[in-house]
Structure formats: structure tokens, C-alpha cells
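41 is the number of the first residue of the sequence shown in this note's numbering; add one for each residue after it.
Ideal Cβ positions, reconstructed from N, Cα and C, are used throughout, including at glycine.
Data first, discussion second: the structure below is written as C-alpha cells.
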Amino acid sequence: MARLLHFTDMHLRINQPGTASDPLRLSRSMPDALDRLAEQIKELTPDVLVMSGDLLDVPDEVKDGGTPDDRSHEEWVESAKADFQLIRDWFDATAVPYVVVPGNHDLEGAFADVFEPPPKPRDIAGLRFFCFWDELADDKQPLRTGARKEQFEDALTNPEHDCPQVHVQHYMIDPPTVGKGKRYEYKTADTMKEALKRSDRVRAVLSGHYHPGSNATTDGVIHSLPPAFCEAPHAFRIYDIADDGTSTITDHALDL
């Protein structure tokens, strides 16, 4: 049995000035929420922590190489690195193995400087974790291309990886989801689902991005993202995955 604790979409800002433009995203309350989550971790004793992107809320201007105010771009980058370091220090202090990927509101280069570049597969608690750093197309629908597509295919077909897997990524494969005038699932979601079904290796695909959250099981694969942690009641999700592939999923929140 492996126990996973999954949360997503913190949109934290502490060293970065200001807060997320959406008032529901409580960017500057996240350090307190993390302290409270650490207490839950002690009680729930997960084998691994999963954070599936949007650790920070970096302004679009900074992500595009500019600045939204009189601070230089370089100052913003250093502030983002300091915020990533704050989060990494929190993860390290839990003493629980963790898997973290960036999201579309993170600054990928700064993330890689503090955590690591896209990591190789990791074996934790009898599961092999694959991380995917994907992108958005011009119409804001997720894409998996290039080396990330090759990694996905390798995970599902290479005899070396014929073992129970968990895929961690910011974007969702299933179910098909529309909100705010855009599609949240990958452009190639149908093809990806077929590949997952053929491989029969993947126990769960854990993602984020869609703040209301969702939870579906398709062809034996869990497709799950809890509601955004940055918004009250600060939700997270527990997965108990048995050796035979059966699983139990329970929803939790700091304010319930």
C-alpha cells in the first residue's frame, strides 16, 4: 500500500510583491496554509507528497521577459527564486519524499534553479513517478510534444518501465473540461487515454490547472486534481493505492 498526498495551485507570493489578480487566490496566506498542511501530514503519514504546479503566481509580464512595475525583470526573477526556495525548504522540512512540477503561472527557469530540471523517473513506495513539464498552445489548450511526448511513450512501452506508475503534470488528460472559454484537457487527450489503456501500467495521472478540481477513473486509471489549494477551504487529496492496483481516494481541506 502506498499513500499519496496531493495538492496543487498555490499561487504563492511572499518575496514577490502583490498578490494574484483573482481575489479568491489567497497568495499571501499560503505560508500559513503550508504550516497547517504540515500538521496534517504528520497525522496522515503519506509516503509521498505530490504538488502538480502553479506553486507561484508570477505575473505574465515577468514570464514574457518584462516587468509589471518599476522593479527590473531580474529583481522579479530573484524574488520568484526566493519564493520557490521557501517552498522547497518547506518540503524538505516535512522529511517526506516529494514530487513537484511547475505550472503555467510558474517561472520555469527559476523553478529549475531551485528544484531541478525535468527529473528522471523516481521510484517511491513501490510506484514509479514520471514528471511532465508541458506547455499551452496559443489557444491555451495543453500540448505534449517533443521530448515530453517521447518520455510519455517510453514510460508506456519500454520494458524497463513495466511497473506501476504515477504521472504528475500540471494539465489534465481526462475528463474533457471547458471553462472560461477554453479547453483544459490536452489536444491529444483521446490518443493519450488510448495509450494509457494499452499499457496498463499507470495507476494515476495527477494534475492541476483547473481550479474547481475533478476526479475520474477511466479504464482503471485515476485522473485526479483536487480543487486549488490557494482558494478556501484549501483542499488536498489522499490516495491509498494497493499493490493490486485498487485504490481509495479521500478529500480533505484545512478549513473543514
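Contact belief for residue i with residue j at Cβ below 8 Å, rounded distance in angstroms
| i | j | result |
| --- | --- | --- |
| F124 | L96 | 7 Å |
| P266 | T48 | 6 Å |
| G285 | R243 | 6 Å |
| L64 | E271 | 5 Å |
| P158 | C171 | 6 Å |
| H263 | P215 | 7 Å |
Secondary structure of residue i, DSSP reduced to three states
| i | result |
| --- | --- |
| A152 | helix |
| A244 | strand |
| G219 | strand |
| M232 | helix |
| F269 | coil |
| Q191 | helix |
| H210 | coil |
| D291 | strand |
| T48 | coil |
| P199 | helix |
| D298 | The shown model of the chain, from 41 to 296, leaves out residue 298, and the question about it has no answer. |
| S264 | strand |
| Q163 | Just to set this straight, residue 163 is Asp in the shown sequence, not Gln. In the structure shown, D163 sits in a strand (DSSP, three-state: E or B). |
| V117 | helix |
| D129 | helix |
| T286 | coil |
| T185 | coil |
| T107 | coil |
| D28 | Nothing can be reported for residue 28, as the shown portion of the chain is limited to 41 through 296. |
| R238 | helix |
| D100 | helix |
Distance CB(residue i)-CB(residue j) smaller than 8 Å
| i | j | result |
| --- | --- | --- |
| D146 | G93 | yes |
| L294 | R241 | no |
| V98 | H113 | no |
| A187 | K227 | no |
| A73 | F269 | yes |
| A120 | Q181 | no |
| N255 | I213 | no |
| F169 | V141 | no |
| M91 | M70 | no |
| F155 | R111 | no |
| R184 | D194 | no |
| G253 | A229 | no |
| A150 | V117 | yes |
| R277 | D291 | yes |
Which ranges does the beta strand (DSSP E) cover as unbroken runs of at least 3 residues, wholly within the segment 60 to 93, from first to last along the chain? At a cut-off of 3 residues, the continuous stretches assigned as beta strand (DSSP E) that sit fully inside the segment 60 to 93 are 88 to 91.
For the segment 157 to 172 and the segment 113 to 133, state whether three or more C-beta atom pairs, one from each stretch, are separated by less than 8 Å. no
Do the segment 267 to 281 and the segment 41 to 51 make contact, defined as three or more Cβ pairs closer than 8 Å? yes
Decide if the segment 245 to 262 is in contact with the segment 203 to 211; the criterion is three or more beta carbon pairs, one per stretch, under 8 Å apart. yes
Three-pair Cβ contact test at 8 Å for the segment 67 to 79 versus the segment 221 to 239: no
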